[in-house]
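Colleague: Before I ask anything, here is the structure I am working with.
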Amino acid sequence: MVATLPLEYKRRFSLHLYWPSHGPLLLRSGKDNGNSNRIDILFHDVRWMALPVWFEGLRIERGELSEIPIPLTAKIKEEAHLMSVF
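In the numbering used here, the protein residues as written are 1208 to 1293.
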């Protein structure tokens, strides 16, 4: 399913998988006492991220390159017009 943004969940998520060579990033919220289903959120072609290993609650929305809090490499800046920021 492709979701409409912004997207928000009040559950615990973890960084479940990331492969630097191809860029898939999988965030997962597992089943628990209050939730009988698992939520997987998959991003493709991830070039840069700043995430803790696990976190409580998640909100995904589109952003701007200028909102990223640390300097980016010259290569990422060069390709920025091809990318989305979340």
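Positions of the beta carbon are idealized from the N, C-alpha and C atoms, including for glycine.
Since we're looking at a predicted model, the values are computed, not measured.
Which stretch, first to last residue, makes up the alpha helix (DSSP H) that contains residue 1282?
Modeller: Counted from its first residue, the sequence shown places residue 1282 at position 75. Taken as a continuous stretch (DSSP letters only), the alpha helix (DSSP H) holding residue 1282 covers 1281-1286.
Colleague: Provide the residue(s) that pair with residue 1261 in DSSP beta bridges, ordered along the chain.
Modeller: Here residue 1261 refers to the residue found at position 54 when the sequence shown is read from its first residue. Paired residues: 1221.
Colleague: So, for residue 1265: in the same chain, excluding its five sequence neighbours on each side, which residues have a beta-carbon less than 6 Å away from its beta-carbon?
Modeller: One-based indexing of the sequence shown puts residue 1265 at position 58. Cβ within range, chain order: 1216, 1220.
Colleague: Span of the beta strand (DSSP E) holding residue 1236?
Modeller: Looking up residue 1236 in the sequence shown gives position 29. It spans 1232-1236 - the beta strand (DSSP E) in which residue 1236 sits, taken as one unbroken run.
Colleague: Label residue 1212 either buried or exposed according to how many other C-beta atoms from any shown protein chain fall within 10 Å of its C-beta, with 16 as the threshold for buried.
Modeller: Position 5 of the sequence shown holds residue 1212. Classification of residue 1212: exposed, given that the 10 Å Cβ count is below 16.
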